[in-house]
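Residue 646 in the UniProt record's numbering sits at position 646 of the sequence shown; the count goes up by one each step and never skips. Step one of this worksheet: look at the structure below.
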Amino acid sequence: MESAKYRSPPQPPPCFNGTAESVLATINGVFERHRVILDKIVAEVTPATATFETVMKPILLSENEADKVKWVNGFYQLASPDSSLRDASRKVEELIDEFDIECNTREDLFTLIDAAYATRHSQGLDGESLHLLEKEWQRNVRNGLLLPSGPDRERFRAVQKEISSLSLSAQKILDEDTDAVWFRPEELEGIPEDDIEIAGLEQGSGENEGRVKVTFKYDHLVPLYTYAVHEATRQTYMLAVVNRANVNAPLFQKIIELRDEAARLVGFKNHAEFRISGHIATLLSYKKKDCEERGALFDGKLYFWDKLFYSRVRRSKEFSVDEVATSQYFPAELTFSAMLKVFEELFGFVFVHLSEADRARISPTGKSEDIAWHPDASIYSVWDDDEAGGGFRGYLYLDLQPRDNKYSHDACFTLQSGFRNEDGSEFYPSTVLICNLPKPSAAKPALLKHHDVVTIFHELGHAIHTLATKSTYARARDVEADFLEAPSQMLENWCWTPSVLKRLSGRWDTGEPIPDEMIARLVAAKNMNAALSARDSVHTALFDMVIHSGESQEHVKAMNCAKIWNELREELTGLHGPDGMGVEWGHGHLIIDHFITGYDAGYYGYLFSEVFSADMFYSAFKQSPMSKSQGRRYRHIILERGGTMDELKYLTEFLGREPDPKAFFKDRGIA
Ligand SMILES: [Zn+2]
């Protein structure tokens, strides 16, 4: 893997040595240059001479250049240790949104795009160019350019700007949350030492004397819900979690009102209907038994804070799945490099970890620290293997441990998109995984639960997608929401495949792979998890649709989001909230950043994509998940295309037929 030819990537990685001043200056320079180009198009082109070549191409080329610095400067807010830089970076994102609105609502430009669109089929365009021109036209229409200029158009612009600024303020609250709950150690009974080392937690003083600090990051949240035996502990914690972002409630309300207003201004009418019901009798029976055994009060109800706890009890009783025992076989570092090997074998990539010396050598400034935002971040250079030509593909960054003021979920972000330079050479992408995985303890390395393994594999799937896509324009990297999650969801199947789990495992002390019977139990319990998480997804997706489908502005203004969230959850999942606290006991919707960061009215995409991902897995990989030929075919037909053409077209090409939901039903044990 470490052969000499991989030592010198043809392109340096992006630098992260920005300051609060420099990021703002850089982004303003980008806007200035782009504005000059737009003005030039408008001055020189007329509707009669408007084509892809004269109108769209210069815009897209300018975007390619902008893309090199845009995301990097907007990224600091998620993970930089410097608070002034995080604030400036947030400002950058606000300015980017504002500038997008400025560019996307220019009537003079739309006249030309409209003219180029009208003659698109006679311009001899390649697929990517035609696809981008069509999407641009549709986007302009959605942005109100068919609205006559005047007060409505102005209001539309103002509304968009306000939404952007409110979303950023709300996101800041979520990212910078350093709040916590202080528990007495005995209240944390049941949580394995491997998950939370109680002696290592911050000790309280004053009113918290004798207590330890439990944060809301995933490395504390999941173990507490899953293992804490005292119901009061889970309840107290859950109430703190769902009320941690309450300061966002008025912002959230305002955002959905403005979205509704914007939709109405451009003539859309929203409607969405969705109904599903579920029951959780099985988990309830486990709770009854558990309460009887421990002599605890059983009131016949399953609460929100009981779900993970009794799911774990059920998994261990019915399927003998012991997650702590399983995790001994997945030490983070070993499992992670084994995952990269799977991607190497299947898709023909090579991942080369960059040492301190490598980093200094390829850093544009000669300083290794300048090509990362924090000492925790590690970097890989990514290449095609020899069979695929041995070319460079880009950079993969990892920032895996939780820390204060860092993004609190697990996600993948693009730092620079790939595209083709005007001289025909490639500009290579950079992408980052931001996670909050368990930390190593004094006695053991960081150990991954099976669900952590699935999550990392999923997020790595997004990174692989970014690294594999080949397009002329950076903009053609954008995949439609209906398909965006499908490649990553498909990869999750590998983490349920016994032969692959063997490869991903190696006991932290002895190096042994995970035993067959342990795998068999894990896989047997799969659909129990699937059914529960599907209900959560439906709850989230439906809430998303309900709040964004008001019958009128008045209706939206009168919406009580906390009430809708809690009532829908109870109705769809059958899980109760605390008794006697009404329906506004918590604001769980405010801690899900999808609603404020671009997945609004789009969360259903997670459910939609699952049909496609199951279809792809069953038709190409189920029999032979490590098939090199299928892996390469998938890489070239699906991943490489990205947003350069209609996703349904290449999906159909890959399957050799139209997609259908049979595999999805089969996988869920429904048919
Ligand atoms: Zn995803």
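Think of the CB as a built atom: it goes at the ideal place given N, C-alpha and C, for glycine as much as any other residue. Computed from a prediction, not measured in an experiment: that's the story for all the values here.
Top-ranked residue by Cα proximity to residue i, from the options
i           : options            : result
residue 336 : 322, 378, 87       : 378
residue 307 : 322, 282, 293      : 282
residue 61  : 511, 185, 419      : 419
residue 309 : 286, 329, 447, 327 : 286
residue 466 : 382, 300, 444, 600 : 382
residue 22  : 581, 228, 86       : 86
residue 560 : 507, 203, 254, 570 : 254
residue 407 : 459, 175, 239, 83  : 175
residue 464 : 522, 440, 395, 404 : 395
residue 428 : 470, 294, 263, 47  : 470
residue 194 : 6, 326, 47         : 326
residue 576 : 50, 449, 299       : 299
residue 230 : 218, 296, 165      : 296
residue 75  : 651, 411, 126      : 411
residue 482 : 623, 257, 643      : 643
residue 392 : 96, 565, 468       : 468
residue 493 : 265, 10, 619, 439  : 619
residue 691 : 218, 182, 638      : There is simply no residue 691 to check, as the chain begins at 1 and stops at 671 in what is shown.
residue 524 : 322, 43, 152, 57   : 322
residue 4   : 196, 352, 369, 58  : 352
residue 245 : 596, 663, 49       : 596
residue 219 : 639, 422, 447, 88  : 447
residue 479 : 128, 164, 497      : 128
residue 71  : 24, 39, 390        : 24
Same chain only: Cβ atoms within 6 Å of residue i, ignoring 5 sequence neighbours per side
i           : result
residue 399 : 79, 376, 377, 434
residue 284 : 302
residue 432 : 397, 413, 415
residue 1   : In this predicted model, residue 1 has a pLDDT of only 44, less than 50, meaning its place in the structure is not dependable; the value taken from the coordinates is given anyway. Around residue 1: no qualifying Cβ.
residue 105 : 143, 157
residue 659 : 612, 615, 651
residue 578 : 585
Beta-carbon proximity list for residue i, same chain, < 7 Å, skipping 5 on both sides
i           : result
residue 540 : 592, 603
residue 485 : 605, 606, 609
residue 274 : The predicted position of residue 274 is uncertain, since its pLDDT is 25 and thus under 50; a value taken from the coordinates is nonetheless stated next. Counting only Cβ-Cβ distances below 7 Å, and skipping sequence neighbours, we find 542, 545.
residue 388 : 348
residue 324 : 192, 194
residue 334 : 506
residue 111 : 47
residue 99  : 31
residue 90  : 77, 168, 172
residue 354 : 379, 380, 381
Expected contact under 8 Å - CB spacing of residue i and residue j to nearest Å
i           : j           : result
residue 237 : residue 222 : Between residue 222 and residue 237 the Cβ distance is about 11 Å, and since that is not below 8 Å, they are no contact.
residue 332 : residue 437 : 6 Å
residue 371 : residue 359 : 6 Å
residue 243 : residue 636 : So it is not a contact: roughly 49 Å between Cβ atoms.
residue 170 : residue 248 : 5 Å
residue 661 : residue 363 : Not quite, the Cβ-Cβ distance comes to about 49 Å (not below 8 Å), so this is no contact.
residue 556 : residue 257 : 5 Å
residue 450 : residue 489 : At roughly 16 Å, the Cβ-Cβ gap does not stay under 8 Å, so residue 450 and residue 489 are not in contact.
residue 654 : residue 634 : 7 Å
residue 339 : residue 504 : 6 Å
residue 120 : residue 133 : 6 Å
residue 401 : residue 439 : 6 Å
residue 430 : residue 14  : 6 Å
Same chain, Cβ closer than 8 Å to residue i, neighbours up to 5 away in sequence not counted
i           : result
residue 626 : 342, 345, 346, 499, 500
residue 26  : 18, 69, 73
residue 198 : 185, 188, 191, 212
residue 228 : 187, 188, 189, 190, 191, 234, 237, 309
residue 567 : 583
residue 366 : 360
residue 108 : 42
residue 260 : 270, 548, 550, 553, 556
Any non-hydrogen atom of ligand 2 within 7 Å of residue i CB
i           : result
residue 488 : Absent from the structure shown: ligand 2. Ligands present: ligand 1.
Chain D contact for residue i (CB, 8 Å cutoff)
i          : result
residue 17 : This model lacks chain D altogether, as it is built from one protein chain only.
**Within the stretch 564-633, ranges of the alpha helix (DSSP H) (whole runs, at least 4 residues)** = Listed in chain order, they are 605-616.
**Request:** For the stretch 444-529, list the alpha helix (DSSP H) runs that are entirely contained and at least 4 residues long, ordered along the chain.
**Result:** For secondary structure counted as the alpha helix (DSSP H) over 4 or more consecutive residues, the stretch 444-529 holds these complete runs in sequence order: 450-468, 481-484, 486-492, 498-504, 516-524.
**Request:** Any chance you could list the beta strand (DSSP E) runs of at least 3 consecutive residues sitting entirely within the stretch 61-147, in chain order?
**Result:** No beta strand (DSSP E) of 3 residues or more sits fully in the stretch 61-147.
**Request:** Enumerate, from N- to C-terminal direction, the unbroken beta strand (DSSP E) stretches of 3 or more residues contained entirely within the stretch 180-212.
**Result:** If we require 3 residues or more, the beta strand (DSSP E) runs fully inside the stretch 180-212 come out as 180-183.
**Item:** Completely contained alpha helix (DSSP H) runs for the stretch 352-408, where each covers 4 or more residues
**Value:** Here the runs fully enclosed are 356-362.
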